[in-house]
Structures are given as structure tokens and as C-alpha cells.
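One structure is given below, encoded as C-alpha cells.
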Amino acid sequence: MQVRNDLIEQTNVYHLAFSQSFKFLFLLAFFMMGVGLVFCSSSEAWAKRERLPWTKAKTPSQGKAQSIGSYANGCLQGALALPSQGMGYTSIRRYRHRYFAHPNSIALVKKLGQVVQEKKLKLMEIGDLSQVRGGLMSYGHRSHQSGLDIDVWFGGDQNYLDGEAKRRLSKLKRKAKQKKWSSKKLKQMRFDVIHPSLITGWREKIDHKVWSKRHEILLRLAAEQEQVARIFVHFRIKEQMCKIYRSSEEFKTKPGPLWLRKLRPWYGHHQHFHIRLHCPSDSPECDDQGPLPKGLGCEGLTWFSKIEKKERKAAAKKAEKNREQEFAMFSHKERAKMKAERKLKRKQRAQAKAEKRATLLKRCAHLAP
Numbered sequence: 000m001q002v003r004n005d006l007i008e009q010t011n012v013y014h015l016a017f018s019q020s021f022k023f024l025f026l027l028a029f030f031m032m033g034v035g036l037v038f039c040s041s042s043e044a045w046a047k048r049e050r051l052p053w054t055k056a057k058t059p060s061q062g063k064a065q066s067i068g069s070y071a072n073g074c075l076q077g078a079l080a081l082p083s084q085g086m087g088y089t090s091i092r093r094y095r096h097r098y099f100a101h102p103n104s105i106a107l108v109k110k111l112g113q114v115v116q117e118k119k120l121k122l123m124e125i126g127d128l129s130q131v132r133g134g135l136m137s138y139g140h141r142s143h144q145s146g147l148d149i150d151v152w153f154g155g156d157q158n159y160l161d162g163e164a165k166r167r168l169s170k171l172k173r174k175a176k177q178k179k180w181s182s183k184k185l186k187q188m189r190f191d192v193i194h195p196s197l198i199t200g201w202r203e204k205i206d207h208k209v210w211s212k213r214h215e216i217l218l219r220l221a222a223e224q225e226q227v228a229r230i231f232v233h234f235r236i237k238e239q240m241c242k243i244y245r246s247s248e249e250f251k252t253k254p255g256p257l258w259l260r261k262l263r264p265w266y267g268h269h270q271h272f273h274i275r276l277h278c279p280s281d282s283p284e285c286d287d288q289g290p291l292p293k294g295l296g297c298e299g300l301t302w303f304s305k306i307e308k309k310e311r312k313a314a315a316k317k318a319e320k321n322r323e324q325e326f327a328m329f330s331h332k333e334r335a336k337m338k339a340e341r342k343l344k345r346k347q348r349a350q351a352k353a354e355k356r357a358t359l360l361k362r363c364a365h366l367a368p
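Numbering-wise (numbering that gives the first Met the number 0), the sequence shown opens with residue 0 and increments by one.
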């Protein structure tokens, strides 16, 4: 009898173990399927970016330099290539082939580089400009399409590179060896140490181990240029520049300076800042972004924080759930009417998107290789 009970108990254990294993395998398969779907949908999204013919060109087009369309929906005629090295600057990650721009952008980089050299600052590191004929890139930016956007990497000053960076690189090598990272991953991580984020922690505070006077000088220098329309930075960097301005003598003598208004908070932009130029006077088909908002833009900056973004998403999800509950309370006729209205709005959005695309194709068709 005891043997029979032991056998039953052992069988139950086997059943439980099998059940748990099956459950684990099922969840694993479901997870992998989800990852696959995300990867596929992401791949499809990137694939859609490659359909515009002028984005496949290998050389600049003939004709007078012109920025056509908007910063996030345009193309570029007669682009110039930024030299890999110049006075006060160096062009990095050139394997991406995004070092082309309108002559105004190239001239601005050279002008800033000259001032950087005169002030004996560390070399400016210039990142992505535009593709050879502009247009939407196969990955990364939505903007940078008309040759008027410039990424400048913050980088660390010499004190950081000689101290904190060496410590981080040493720690990185040990971690890479333990985790058996690929050479590609290690290369990217090394790049991130040399070009560190100016932000640290989940509360997104300024990293004072990285931030330096050089960053302040560089941002202000770029923002003071007349042809610069906006500069996009992380909201904490904007906040830091507001603090610096308010604690300076300038705050008493020059209220509301334009250079500070030009610094616009936006997501990301904690390793590099993004300079955007006004439309050139000789580009009649260029669509400018419009005037800057009133005020210095130093208030309400935490709206861009990850914490508040998460709170907005949760509130939107709750509001959607409430709408669904309210929707269920309407009569069949009222629900049908509401569905029809939603369908019409989706159709109108799709139509507007198609018209926007058609306009772009018409404007930029001559740039197809």
C-alpha cells in the first residue's frame, strides 16, 4: 500500500514537472513569437523608408543647391560634402554616408570650427547631416531630409577623457570579457564612453562628471548664429542653460535673449545636440518650421521627462478604457454612427498623408538617379 502511494506521489510529481516545463516552453515560444512580430514589424517599417527613389543616389545631383520641402519631408539638390577634417572640427561616423548638406550648413560648420579653434576648445565632432540627395534615411532620423540639420556630439572635455573616461573604459573591458560581447558591441560601448550622455539616473539629472564649461560655450556659440533657427537638446540641458543664464549678469541687463529661446527641449539629444537652420533665401520650395514660441522656454520642462511621459501614457490608457465603457452604454444606432465618424477620420488622415507624399514625389522626382 505504501509503495502504491509512493508511486502515485512520484507520478504526480512527474505530471507537475511536465506541466511546468510545458508551461515554460509555451511562454517561451509565445515570447519569441512576440519578439519576431516586433522585429518583423520594425523591419517592415524600415523597408517602407527605402521607397523614395532619390534616397538611393550615390552622388549629389546637378544644379544650383536648393533645400526642397520640409526638414522631415524633403530632399536636397546640389548638395556639398563636408570634408572629413577642418579647422576646429572633425566629421565622424562617415561610413553612414550622411555628410552631405546645403552649402549654408557646410559654411556654418566651418564658421563654428574656426571659433572653436580660436577659443582653443576641443575639436567639434560633427555627426549626421543629410544623405547625398536628402530624403528619409533608411534608419534613425525622421528629419535631416533637406540638408539643413546638423548633429554635433557633445563629447567629454580633456579632464573627463583623462579621468572618468579611463575608469569607465577599464570597467567596460572587464564586463565585455565576462559577458563575451562581440567586437561590434564593444566598439559601440567604447564610442558611448568617449561620447557620453550628459544625463544620468532615472530622474534624468545633469551628469556633472561629464558636463563642462565647454558644453555651455558650444551651445551658446551655435545658438547665437543668425542662420540657426533652433537647437534641440535634452530638457535637462535646456534647464541647465536657463540656470546659467539666470545666475549671470546678462539676466539683469539682457532679458529674454534669442539664443536661449532657440534651445528647444526634445526627447533624446543627451549625447549630441541638433542644429536646425532657417530655409535659405535661394530655396523657394523650402518649408520653414515657423517662428519660435514666445518666452524663454524655461518653464514646464519636465513635461519631456520619462516619468511624466509614462504618467501620460497611463492616463491615456485609463481614459481609453473609460471611453470603451461609455461606448458600450450607447444604443446600436449611436455606436454605428460613432464608428462611421472614426472611420472617416482615419480615411482623412490617410488621404492627407497620401497627398503629402504625392507633393513630395512631384517636388523631388527630378532628383531620382
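All C-beta atoms, glycine included, are put in the ideal place defined by N, C-alpha and C.
C-beta atoms of D156 and H143 nearer than 8 angstroms: no
Host alpha helix (DSSP H) of I236 (start-end): F234 to R245
The region 237-253 in contact with the region 277-285 per 3-pair CB rule at 8 angstroms: no
Per-residue burial, G200 [other beta carbons within 10 Å of its own, 16 or more giving buried]: exposed
W45 - DSSP class collapsed to helix/strand/coil: With a pLDDT of 47 at W45, under the threshold of 50, the modelled position of that residue is not reliable, and the figure given next carries that caveat. Looking at W45 - three-state DSSP - the assignment turns out to be helix.
Buried or exposed (CB count within 10 angstroms, at least 16 for buried), S129: buried
Touching by the beta-carbon criterion (3+ pairs, under 8 angstroms), the region 169-188 and the region 225-238: no
Meets three-Cβ-pair contact criterion under 8 angstroms: the region 269-282 and the region 299-315: no
Through-space distance from T358 to C241, alpha-carbon basis: 40 angstroms
Start-end ranges of the beta strand (DSSP E) lying completely within the region 267-320, minimum 3 residues: 271-276
Residue closest to L366, alpha-carbon to alpha-carbon, out of R219, G133, Q177 and K309: G133
Where the alpha helix (DSSP H) containing L359 begins and where it ends: H331 to C363
Coarse secondary structure for V37, derived from DSSP in three states: Its pLDDT being 40, under 50, V37 is placed unreliably by the model, and the measurement read from it follows with that caveat. Reduced to three states, the DSSP call for V37 is helix.
C363 beta carbon less than 8 angstroms from that of W53: yes
Pairwise C-alpha distance: A56 and K355: 22 angstroms
Contained beta strand (DSSP E) runs [length at least 3] in the region 130-176, N- to C-terminal order: 148-152
Cα-Cα separation, D161 to P254: 38 angstroms
Between the CA atoms of L168 and M86 - distance to the nearest angstrom: 29 angstroms
Inter-residue spacing [alpha-carbon to alpha-carbon] between A80 and S181: 33 angstroms
Rounded Cβ spacing between Q226 and L276 (contact assumed at less than 8 angstroms): 5 angstroms
Coarse secondary structure for L218, derived from DSSP in three states: helix
Distance between K338 and S373 (C-alpha atoms, nearest Å): Any question about residue 373 goes unanswered here, given that the chain covers just 0 to 368.
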